[in-house]
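Mind the numbering: the sequence shown is residues 0 to 124 in the working numbering, read in order.
Where is the CB? At the ideal position from N, CA and C, for every residue including glycine.
All values derive from a computational prediction rather than experimental measurement.
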Amino acid sequence: MEEVPQGCPGTGSAQAGRGASCQGCPNQRLCASGAGAAPDPAIEEIKEKMKTVKHKILVLSGKGGVGKSTFSAHLAHGLADDENTQVALLDIDICGPSIPKIMGLEGEQVIMIVGTTGKYSHGTP
0 MEEVPQGCPG TGSAQAGRGA SCQGCPNQRL CASGAGAAPD PAIEEIKEKM
50 KTVKHKILVL SGKGGVGKST FSAHLAHGLA DDENTQVALL DIDICGPSIP
100 KIMGLEGEQV IMIVGTTGKY SHGTP
């Protein structure tokens, strides 16, 4: 599992994508372009769509490597056992999302915000 590089300046920093700690991060080019600091135009659309989601569960920790993604994947899979329940799983780790690997979708374009298209996966990968 990839983690945010030690000393990551953050996407809003003038040093984003340019610092020594950015070397090797999959999003280095995006951060260096400044696009990461710009407000995402899809935010309002996402806010509106999230209003219709009855239950939201947030799994977080200040420390990496403690099993957040593994727990989240198992929780989502367990909730999806009920055929009447729709489950979405979002991995917002910008420097090393591991949910695609855990769910057997590594290398797939799981979701694309532009055009709001996505790949649907159900059941055990």
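Asked                                                                                                    : Found
CYS21 (DSSP reduced to helix, strand or coil)                                                            : helix
Pairwise C-alpha distance: ALA79 and PRO99                                                               : 17 Å
Classification of MET49 by the beta-carbon crowding that lies within 10 angstroms, buried from 16 upward : exposed
Local conformation of THR84 per DSSP, three classes                                                      : coil
Status (buried if at least 16 other CB within 10 Å, exposed otherwise) for GLY16                         : buried
Nearest neighbour of LEU89, chosen from ASN83, MET102, GLY6 and GLY18 [CA to CA]                         : MET102
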